[in-house]
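Peer 1: Read top to bottom, the protein sequences are chains U and R. Going by my numbering, the letters in the first sequence line up with residues 112 to 379, in that order. Going by my numbering, the letters in the second sequence line up with residues 112 to 379, in that order. Before we start, here is the structure in question, set down as structure tokens.
There are 2 protein chains.
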Amino acid sequence: MTIRLAVIDNDTGFLTVLAKRAEAAGWELRQSGGSIPPRDLVAMKLNALLVDPAVLAEDGWDYLNRVCETLPDLGLVVCTGRSTVAQRVRGLRLGVDDWITKPCHPEEAMARVEAVSRRRRRGRSEPDSGPVVAGELEIRPDQFQAFVSGASLDLTRREFELLQLVAEARGQVLERETIYQRVWGYAMAHGDRSVDVFIRKLRQKLEKRSPDWSYIHTHFGVGYRFDPEPVAGVDVGAPLREPVLPPGPEPVVEPAASQVVHSSFTAE
Amino acid sequence: MTIRLAVIDNDTGFLTVLAKRAEAAGWELRQSGGSIPPRDLVAMKLNALLVDPAVLAEDGWDYLNRVCETLPDLGLVVCTGRSTVAQRVRGLRLGVDDWITKPCHPEEAMARVEAVSRRRRRGRSEPDSGPVVAGELEIRPDQFQAFVSGASLDLTRREFELLQLVAEARGQVLERETIYQRVWGYAMAHGDRSVDVFIRKLRQKLEKRSPDWSYIHTHFGVGYRFDPEPVAGVDVGAPLREPVLPPGPEPVVEPAASQVVHSSFTAE
DNA sequence: CGGGCTGTGAAAATCCTGTAAACGCAGGCG
DNA sequence: CGCCTGCGTTTACAGGATTTTCACAGCCCG
Numbered sequence: 112m113t114i115r116l117a118v119i120d121n122d123t124g125f126l127t128v129l130a131k132r133a134e135a136a137g138w139e140l141r142q143s144g145g146s147i148p149p150r151d152l153v154a155m156k157l158n159a160l161l162v163d164p165a166v167l168a169e170d171g172w173d174y175l176n177r178v179c180e181t182l183p184d185l186g187l188v189v190c191t192g193r194s195t196v197a198q199r200v201r202g203l204r205l206g207v208d209d210w211i212t213k214p215c216h217p218e219e220a221m222a223r224v225e226a227v228s229r230r231r232r233r234g235r236s237e238p239d240s241g242p243v244v245a246g247e248l249e250i251r252p253d254q255f256q257a258f259v260s261g262a263s264l265d266l267t268r269r270e271f272e273l274l275q276l277v278a279e280a281r282g283q284v285l286e287r288e289t290i291y292q293r294v295w296g297y298a299m300a301h302g303d304r305s306v307d308v309f310i311r312k313l314r315q316k317l318e319k320r321s322p323d324w325s326y327i328h329t330h331f332g333v334g335y336r337f338d339p340e341p342v343a344g345v346d347v348g349a350p351l352r353e354p355v356l357p358p359g360p361e362p363v364v365e366p367a368a369s370q371v372v373h374s375s376f377t378a379e
Numbered sequence: 112m113t114i115r116l117a118v119i120d121n122d123t124g125f126l127t128v129l130a131k132r133a134e135a136a137g138w139e140l141r142q143s144g145g146s147i148p149p150r151d152l153v154a155m156k157l158n159a160l161l162v163d164p165a166v167l168a169e170d171g172w173d174y175l176n177r178v179c180e181t182l183p184d185l186g187l188v189v190c191t192g193r194s195t196v197a198q199r200v201r202g203l204r205l206g207v208d209d210w211i212t213k214p215c216h217p218e219e220a221m222a223r224v225e226a227v228s229r230r231r232r233r234g235r236s237e238p239d240s241g242p243v244v245a246g247e248l249e250i251r252p253d254q255f256q257a258f259v260s261g262a263s264l265d266l267t268r269r270e271f272e273l274l275q276l277v278a279e280a281r282g283q284v285l286e287r288e289t290i291y292q293r294v295w296g297y298a299m300a301h302g303d304r305s306v307d308v309f310i311r312k313l314r315q316k317l318e319k320r321s322p323d324w325s326y327i328h329t330h331f332g333v334g335y336r337f338d339p340e341p342v343a344g345v346d347v348g349a350p351l352r353e354p355v356l357p358p359g360p361e362p363v364v365e366p367a368a369s370q371v372v373h374s375s376f377t378a379e
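This is the structure in structure tokens:
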């Protein structure tokens, strides 16, 4: 759960430590020495804003007020030097979510930003990302299902989660251990073939609905990569000659064409 | 905007002032000298809980943890005497929304409780949505009841709430945990089958009044989806023809049709 | 060529859901 | 006050669906 935070402050010591810790935690941090117009805050798509009103040129109350009105869903934490109870109460009533005073441990500041973001997020009913489209495929998190031109792939829950995971990392090779860890939620036992089995099921269902596309590629000795690409040979016109398959009602041969293997570290 | 708050503390001086101010603000305040079991907290339908872990007999962390898990929507504010940064960080990470230290002005405590409640409340959908019509069904929030061509389904309160919830999310798959959380108001215990049981009751009553429609669909391993659709085979006009699928291979499947497992047994 | 590594199919184990019935509780009523 | 009734909760079980496991075959790369 990554947090996008902007900090408006000029306490370099505090900022330095905060930046370091934020990076370690995987947060996306944006710093500013002066007030950021609410318009720009919107564009930054933040989870939270940490601000010391002392550095604001204009009237701090006014600024806080405008931020609260413009971005009701933004987590807002104020971090001041000295402050009175009356000031804090005023701020909190105004719409500030938390008010901390310096000297303040960066770790606590982060924990409070986290708490505020968590709380804000909980109200939101849509933690998932919107539908993803890849090739002919449409992945809909709200349905726990994937579709090709409206037809469901009939994925089970695990299959869907696996597909969603690899699709989100489109183009990137994911190791089995990583996949297992993220889909199953715990470490993969040595020799477990579950990932392979589910990849196979996925490929089957994908090919059934979208035969002309290849989605999941094997990287020998590494893992799998999701990357939709039209299958070679079947495309816009220009059929050279008889395709490989011999005539016959039921070609038993499963060409296993899905196995496009790339050298481990060769980029196409 | 009235707030329902419970306070677990025994600092009489603090409590007295707090009670007076809370009353003046029109809050509903409930006091306790010791820990309140999460079960009872549920029944109180609180907006927020203010607690001093010092008065907890058992392990404070354990209690806070259980409260957070059981009531994810409850605003939780801790108010301690002395505390370390590490303790505060631990609490906030655990799920506590705000952590203040005594001596603490009651007004600030209230302001923080307010801020926490405000955050919690945000994002909640409008409490009163207009009547919903779906298929032959008409859901009337003002009556806490649903009707089919004027005839009541005789839903109980829970049944109605469940129906309203899934109907508002029409077309979207809702997980059991989500449903439980939103209808019952607290976290679903592992292995609880209440949602299934109520879904069954709903389906029974729906089918009784509207036999030719199918409303609630099961998504195996995930949850349920509300989507009214005429039941296959029986509808307007004369179904002289075979309702069975045509001989052609795999006609384009209905868009919304994803592994529907709705039992076809008509118990009666 | 051989030692991994991966694809495949099916059996075995596990999990999930529908269903019914028992249970407990609170309010209404005689 | 005790009984009855409606409602919500819990439990048990059976039938399926899904997941895991296994053995084997084929493939890749050194």
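Note that beta-carbon positions come from the ideal geometry of N, C-alpha and C, so glycine has one too.
1) Going by the CB atoms, is the gap between residue 186 of chain U and residue 159 of chain U shorter than 9 Å?
2) Measure from the C-beta of residue 226 of chain R to each C-beta in chain U and report whether the shortest distance is under 9 Å.
3) Taking only beta-carbon atoms, is residue 254 of chain U less than 9 Å away from chain R?
4) For residue 215 of chain U, which of helix, strand or coil comes out of DSSP?
5) Taking Cβ to Cβ, would you say residue 317 of chain U is nearer than 9 Å to residue 273 of chain U?
6) Can you name, in chain order, every residue of its own chain whose Cβ lies under 7 Å from the Cβ of residue 297 of chain R, other than the five neighbours on each side?
7) Quick check: residue 248 of chain U and residue 324 of chain U, are their CB atoms within less than 9 Å of each other?
8) With a cut-off of 9 Å, does the C-beta of residue 333 of chain R fall near any C-beta of chain U?
9) Whole angstroms are fine: how far does the CA of residue 259 of chain R sit from the CA of residue 331 of chain R?
10) Go through its chain and collect everything with a Cβ distance to residue 271 of chain R's Cβ below 6 Å, but skip five positions before and after it.
11) So the alpha helix (DSSP H) residue 291 of chain U belongs to, where does it begin and stop?
12) Going along the chain, which residues of its own chain have a beta-carbon closer than 8 Å to the beta-carbon of residue 113 of chain U, five neighbours each way excluded?
13) Taking a contact to mean a Cβ-Cβ separation below 9 Å, would you say residue 215 of chain R touches residue 125 of chain R in this structure?
14) For the alpha helix (DSSP H) that contains residue 173 of chain U, what are its first and last residues?
15) Under 7 Å between beta-carbons, which chain R residues line up against residue 223 of chain U? List them in chain order, please.
16) From which residue to which residue does the alpha helix (DSSP H) around residue 336 of chain U run?
17) Restricting to Cα atoms, I'd like to know which of U/169, U/135, U/283 is closest to residue 148 of chain U.
18) If you reduce the DSSP assignment to three classes, tell me which class residue 134 of chain U lands in.
19) Between the C-alpha atoms of residue 127 of chain R and residue 333 of chain R, what's the straight-line distance to the nearest angstrom?
20) For the putative contact between residue 227 of chain R and residue 209 of chain R, defined by C-beta atoms under 8 Å, what is the C-beta separation to the nearest angstrom?
21) Do residue 306 of chain U and residue 327 of chain U have their C-beta atoms within less than 9 Å of each other?
22) So for residue 310 of chain U, helix, strand or coil by DSSP?
23) Thinking C-beta only, is residue 184 of chain R closer than 9 Å to residue 231 of chain R?
24) May I ask you to report which of helix, strand or coil DSSP gives residue 247 of chain U?
25) Can you tell which of R/155, R/198, R/157, R/150 has its C-alpha closest to the C-alpha of residue 171 of chain R?
26) What does DSSP give as the partner residues of residue 327 of chain R in its beta bridges?
27) Mapping DSSP to helix, strand and coil, what is residue 305 of chain R?
28) Give me the chain U residues within the contact set of residue 118 of chain R, using Cβ-Cβ distance strictly less than 8 Å, ordered along the chain.
29) Would you kindly work out how many angstroms separate the C-alpha atoms of residue 374 of chain R and residue 134 of chain R, rounded to a whole number?
30) Along the chain, where does the beta strand (DSSP E) that runs through residue 380 of chain R open and close?
31) Kindly give me the distance between the Cβ atoms of residue 244 of chain R and residue 337 of chain R, rounded to whole angstroms, as I take these residues to be in contact under 8 Å.
32) Are the C-beta of residue 150 of chain U and some C-beta of chain R separated by less than 9 Å?
33) Return the CA-CA distance between residue 119 of chain U and residue 146 of chain U, expressed in angstroms with no decimal places.
34) Could you tell me the alpha carbon to alpha carbon distance between residue 205 of chain R and residue 179 of chain R, rounded to whole angstroms?
35) To the nearest angstrom, report how far apart residue 367 of chain R and residue 282 of chain R are at their CA atoms.
36) Measure the alpha-carbon distance for residue 212 of chain R versus residue 219 of chain R and round it to whole angstroms.
Peer 2: Result, derived from the coordinates:
1) yes
2) yes
3) yes
4) coil
5) no
6) 153, 181, 182
7) yes
8) yes
9) 28 Å
10) 255
11) 287-295
12) 137, 138, 139
13) yes
14) 171-181
15) 203
16) Note, residue 336 of chain U: premise wrong, no alpha helix (DSSP H); beta strand (DSSP E) at 334-341.
17) U/169
18) helix
19) 49 Å
20) 6 Å
21) no
22) helix
23) yes
24) coil
25) R/198
26) R/337
27) helix
28) What residue 118 of chain R touches in chain U: nothing, since even the nearest Cβ is about 18 Å away.
29) Caution is warranted here: a pLDDT of 45 is assigned to residue 374 of chain R, below 50, making its placement in the model unreliable, and no coordinate value can be reported.
30) Since the first residue of chain R shown is 112 and the last is 379, residue 380 of chain R is not available in this structure.
31) With 8 Å as the limit, residue 244 of chain R and residue 337 of chain R do not qualify as a contact, their Cβ atoms being about 13 Å apart.
32) no
33) 7 Å
34) 8 Å
35) The pLDDT assigned to residue 367 of chain R is 44, lower than 50, so where the model puts this residue is not dependable, and the model offers no usable value.
36) 11 Å
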